[in-house]
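Below: one structure, written as structure tokens.
There are 2 protein chains.
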Amino acid sequence: MGRKVYIDNKPLEEAQALLFRRLEEAGFFKLQAEEIDVVDSLGRITAVAVAARMSSPHYSASAMDGIAVRARDTFGASETTPIRLKRGEQFVEVDTGDYVPREFDAVIMIEDVNFPNPDMAEIIAPAVPWQHVRPVGEDVIASQMIVPALYPIRPYEIGALLTSGVRTISVVKRPVVGIIPTGTELVEPGVVDMAPGEIMESNSQMLAGMCREWGAVPHRFPIVIDDEELIKQAVIKCSQEADIIVVCSGSSAGREDYTAKIIGELGEVLLHGLAIRPGKPAILGIIDNKPVIGVPGYPVSAALVFELIAQPIIYRKRGAQKHEAEKMPARVSRKLASHVGVDEFVQVNLGHVGNDFIAYPLSRGAGITTSLVRSDGVIQVPRGTEGFEAGEMAQVELNRAPEIIARTLVAIGSHDLALDWLGNILNLKHGIRLSSANVGSMGGLVALKRRETHMAGIHLLDTDTGEYNISYINRYLSGERVRLVNLVKRQQGLLVKKGNPLGIGGIQDLIREEVRYINRQKGAGTRILLDYLLKAADIDTDDISGYEREEFTHLAVAAAIQSDTADAGLGIYAAARALGLDFIPVAEERYDLCFLLDLIDDTAFAAVMEAIASEDFRREVEHFGGYDLSLSGQVMWESD
Amino acid sequence: MGRKVYIDNKPLEEAQALLFRRLEEAGFFKLQAEEIDVVDSLGRITAVAVAARMSSPHYSASAMDGIAVRARDTFGASETTPIRLKRGEQFVEVDTGDYVPREFDAVIMIEDVNFPNPDMAEIIAPAVPWQHVRPVGEDVIASQMIVPALYPIRPYEIGALLTSGVRTISVVKRPVVGIIPTGTELVEPGVVDMAPGEIMESNSQMLAGMCREWGAVPHRFPIVIDDEELIKQAVIKCSQEADIIVVCSGSSAGREDYTAKIIGELGEVLLHGLAIRPGKPAILGIIDNKPVIGVPGYPVSAALVFELIAQPIIYRKRGAQKHEAEKMPARVSRKLASHVGVDEFVQVNLGHVGNDFIAYPLSRGAGITTSLVRSDGVIQVPRGTEGFEAGEMAQVELNRAPEIIARTLVAIGSHDLALDWLGNILNLKHGIRLSSANVGSMGGLVALKRRETHMAGIHLLDTDTGEYNISYINRYLSGERVRLVNLVKRQQGLLVKKGNPLGIGGIQDLIREEVRYINRQKGAGTRILLDYLLKAADIDTDDISGYEREEFTHLAVAAAIQSDTADAGLGIYAAARALGLDFIPVAEERYDLCFLLDLIDDTAFAAVMEAIASEDFRREVEHFGGYDLSLSGQVMWESD
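First to last, the sequence lines map onto chains A and B.
Taking our numbering, I'd label the letters of the first sequence as residues 1 to 640.
Taking our numbering, I'd label the letters of the second sequence as residues 1001 to 1640.
Here it is, written out as structure tokens:
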């Protein structure tokens, strides 16, 4: 079946060096120029030095509003012996920027002139030759070099070039990046009702966006199915129309891997397999002296490989200085181990909590596009190093504007949809980004304890007292300055398929043989609630099939049931409604936000309280149903 | 004549606050949204939160290449008791991403499977339920919020949104900025042979470029002459077609100042006159609940006022976080005095010399567009402060990429056109920017002495020995590690009008009554040469008319002669040729580069030497004429 393992496992820097050397030899980086209108040159880079076509000013210009005179006519003028000058012959009126006629050599400010009659100007002080006269070329002199070659044009240069009579300039051509999505499973965005196994093609559009950010011109090809000949034709066409050839996916070791073979036939495969994670199954090659990049199919891998390999090529080809991503030191929230022989690139979320920025590693799954959306930057964990211990500082390469990162509130703990709406209002009305991670209520308390979050959403039932949250806070956060604010009260219940085909009536039905349960992870408030209910109902967890199968959010549980990999799970009404499931209420619980007061400043806290109290928040939540807002925004408890 | 002085002199922060408050009240910042294709949404900002339309994966997907099985069919499999599964019934082959059919609940990696025959798969280990199966919604779950409102779209979001079935999103409209150039003296770029008094209109294009950089859509109007009614019509049209109205120039107190009057008639003038320098004659107003900005005519003032006033409005209107310009601390090379009641904004050039970045204030002339081109950033000198002493640290707001600033070599001293060509080659071949300032040879030695430049171009004749440069270095740079390298030998001579109408034959003719001389500043090597020649020829400087009129560069001297404000000046052949003047040789001199070795690192120095030795440099210089390259690149002297 023609499977094969990766030929190589090349370290990144070697791979980059190899590709650059070969492109260098192939003359790929030779400057290609085009002549364009200066008015359209913003952000473009000059191919050759540009000299002024004319001087500015190109005539002797008045630097003041006043009268142009001959200095020698004014000598001797004083308070006691004023001098009168005749209009036309001995002076003309000039405004700032006006031409100072050849016969005059100085300008007197209008404030220093009297006009006893329209034809006469009277002055009481002499003029120094050339005073208030801008000489020709004071700004620019014809033939003077305005900008050198390989200079990026800013708005300032557009103004200066036009001023010096330059109308068109020669700039470096933008490299065209041909992007070919391959895969029989792919469908074009916009298709609805996709069949199982079909995947929305989105990588090519993500890479196209990256090209635009880097100053290249993306040229996206239509999807090519996994047919060797068709892919080959597409690559040939691409190598004719583009400067850089990118083949999306088809670079796994799966049966449809034709990319390497095709590159080998049309040109040369430089390597197949990078010693990075994610992104290992990358392919680098050369066809017609142009670089070819085979990017992996998983979006996170695709983005990383493209950034590491294509970005430097594009910048170099554009004649731009190597792009230095903004960096920021941050404290890693958990251990990042280093892997033998592999450089790992970890997407992280950043938040300013206490004195430091803290980097929260995001899901390592290469298929998780949402980890890219949540990502504020990347930490490289170099091979053969110690890696990073939890709490250690690491350099983060930012991929989001620092001003946004700086305005981030962190909420680590249990998840509730109300938190997303709250975040939306905070961003919309207060310019505060709410970055929330779902690790369950207990996980939230741990994060608070480790001072790694501003707040935690918790709904922890004290199974002895039936009271929520406070006893847990006393146990885990004793000594901390804590304030507990209710966000919502909410219905917990069993999520079941629409129409409840199995006729599930309550907890007791979970032991029925045909019922496949889907559980929440340990430490989740919902898990604690379930175990409490089971204990109360005297049900042995071993009797529940699927009890060991865990998901991390209400929506994930609902999704499992909707997709019929499970029949029932405990969760909130909002999740059932979101995915059109039936809901069998079993309990109402309190979902509170627990704040560490010395980690959140007053304005931010006030913003949160304002958002909770806002009409928009109440409307969203009530419209959704399954919530009770009678306590929302009330302080439930505060440490003294 | 309807002149008037500025009504106001309002501090910047008050002016900004006033305008913002009034726009707030006028509802100007109310979000305006438009629905666009996700594929076109790069850099746009969401107007409302966006939720997933479908889950991803939307089916149970294999996370591996292998076979999908029922876990229970595999229980008990081991090395000794392998289990065989029947194709179709008990297993199907799947690749990464393939659908795992409903009847199966686990995937076994292909590496762990044997195929004794095409219909049989043999396994030697059991599968755990749901192993290697990506649950529905592992990445995104339908209805889940992908991004909140007021979120800037990156390539990552484009990928994630498409993946979750979102094809169009509602984004904030880009504000349209209407820019009206006014002034009878203005001509459209591209016009050749302009008459004296005519000015190339370039400000509107510079401001348009700034708008684009800030995410707004510029809408440039044709030039309007200084006719009150015509300008009024243009402003009315603009207020109908644009969100922000910008009137260029016409905001001086000159006779053509209609802008304030017109704004007052069509709406309200909030203020006329800002307490900033440059940029005082700015006008802020409101028409139809839209902001109107009257920007001064001088380019440096126009750029500053537009940045200070329009940028925050545009960002706010776009729903973007306030833009924070990158800042850098730098040592100011000379005193920047603070002015009572006025915030001054000084354009500076930056270079890394020795241990610090040094900020070199550029010409304060508001009409000097080249000072904007040379500018790497701006230092604000707040009113009512001490200002900055020479050598003090100041914060510089960067307006150029730091990676370019970091790669800058500074050459302060005498100017020669060869220096520009050298700079061009350094940038082109070595990615090094040469930033040169023309302060004359003596000024260069002073800059070296103060360790504020990597090198200085000098041509200082020792009038006793006839030797060049070395005696001066010994006198002014004793104790420093200096290396003196020849750049060129060059002809100095008298620049005279084409055809030499006054029949000037040499130095002795400078005393002729009708000859208007134009001199170089004291400390310039050319000035020293002139004085030496005059002394030798026994000529009294008082007998030379124009001896006291000084320019700072060879080209400036040439320009004065070309524009007939002078008849003769001492300068280099290159300057004469550049402006088509005649040239009467009087001496050959050595133009050397003097390096401070502990300020310039070896690679940078090597790059300079390589550039001097390069074919390109020789070609440019020789092609220009008036130069002798026999010593170029040779070390003339070195301190021990």
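The C-beta atom is built at its ideal place from N, Cα and C for all residues, glycine as well.
Remember, predicted model here, so these are calculated numbers, not experimental data.
Cβ-based burial, residue i [other Cβ within 10 Å; buried from 16]
i, result
"G137 (chain A)", "buried"
"N185 (chain A)", "Here residue 185 (chain A) turns out to be Glu, not Asn, going by the sequence shown. E185 (chain A) is buried by the Cβ-count criterion."
"T1553 (chain B)", "buried"
"V295 (chain A)", "buried"
"E1620 (chain B)", "buried"
"N1349 (chain B)", "buried"
"P1299 (chain B)", "buried"
"N288 (chain A)", "It is Asp, not Asn, that sits at residue 288 (chain A) in the sequence shown. D288 (chain A) should be labelled exposed."
"V478 (chain A)", "In the sequence as presented, Val is not what sits at residue 478 (chain A); that position holds Ser. It counts as exposed."
"R220 (chain A)", "buried"
"V1192 (chain B)", "exposed"
"S1060 (chain B)", "buried"
Where the alpha helix (DSSP H) containing residue i begins and where it ends
i, result
"I1262 (chain B)", "T1259 to L1266"
"V1038 (chain B)", "That residue, V1038 (chain B), is in no alpha helix (DSSP H); it is neither H nor E in DSSP."
"F1115 (chain B)", "Taken as a continuous stretch (DSSP letters only), F1115 (chain B) belongs to no alpha helix (DSSP H), being part of the beta strand (DSSP E) at V1113 to N1117."
Opposing strand residues paired with residue i [DSSP bridges]
i, result
"F1583 (chain B)", "B:L1495"
"C594 (chain A)", "A:A456 and A:L484"
"H272 (chain A)", "A:I283"
"K327 (chain A)", "A:E397"
"P1152 (chain B)", "B:I1045"
"Q1380 (chain B)", "B:F1345"
"C248 (chain A)", "A:P181 and A:V295"
"R1072 (chain B)", "Looking at the DSSP assignment, R1072 (chain B) forms no beta bridge with any residue, so it has no partner."
"Y627 (chain A)", "A:R490"
"K1429 (chain B)", "None; K1429 (chain B) has no bridge partner."
"H339 (chain A)", "A:V342"
Limits of the beta strand (DSSP E) - the one that residue i falls within
i, result
"H352 (chain A)", "D343 to V353"
"Q1521 (chain B)", "Element bounds for Q1521 (chain B): n/a, residue is neither H nor E."
"H1219 (chain B)", "V1217 to R1220"
"F357 (chain A)", "D356 to P361"
"V1094 (chain B)", "F1091 to V1094"
"G1413 (chain B)", "T1408 to G1413"
"A1106 (chain B)", "A1106 to M1109"
Residues near residue i in its chain [Cβ-Cβ closer than 6 Å; skip 5 each side]
i, result
"D1567 (chain B)", "L1502, V1515 and R1516"
"I1283 (chain B)", "S1251, T1259, A1260, H1272 and G1294"
"R383 (chain A)", "G341, V342 and D343"
"L1460 (chain B)", "S1441, N1469, Y1472 and G1525"
"H1644 (chain B)", "With chain B covering only 1001 through 1640, there is no way to say anything about residue 1644 (chain B)."
"H415 (chain A)", "N438 and T553"
"A394 (chain A)", "V332, I379 and F388"
"C211 (chain A)", "V177 and P218"
"E326 (chain A)", "L398"
Beta-carbon proximity list for residue i, same chain, < 8 Å, skipping 5 on both sides
i, result
"Q1647 (chain B)", "There is no way to answer for residue 1647 (chain B), as the model of chain B reaches only from 1001 to 1640."
"R316 (chain A)", "F20, F29 and K322"
Check: residue i C-beta below 7 Å from any heavy atom of the ligand NAD
i, result
"A456 (chain A)", "Absent from the structure shown: the ligand NAD. Ligands present: none."
Cβ shell of residue i (< 7 Å), same chain only, five flanking positions each side left out
i, result
"R53 (chain A)", "A142, S164, G165 and V166"
"L1270 (chain B)", "L1018, L1019, R1022, L1284, G1285 and I1286"
"Q1491 (chain B)", "I1572, Y1573, P1585, E1588 and G1626"
Proximal residues, the segment 127 to 146 of chain A versus chain B, C-beta separation under 9 Å | If the cut-off is 9 Å between Cβ atoms, the segment 127 to 146 of chain A has P129, W130, V133, R134, P135, V136, G137, E138, D139, V140, I141, A142, S143, Q144, M145 and I146 near chain B.
Could you list the residues in the segment 1068 to 1100 of chain B with a C-beta less than 8 Å from some C-beta on chain A, going in chain order?
-> D1095, T1096, G1097, D1098 and Y1099
Cβ-based contacts, 8 Å cut-off: residues of the segment 317 to 349 of chain A near chain B = Q321, K322, H323 and E324
Anything in the segment 350 to 366 of chain A with a Cβ closer than 7 Å to a Cβ of chain B? List those residues in chain order, please.
-> none
Between the segment 181 to 200 of chain A and chain B, which residues of the former have CB atoms less than 7 Å from a CB of the latter, in chain order?
-> E185, P189, G190, M194, P196, G197, I199 and M200
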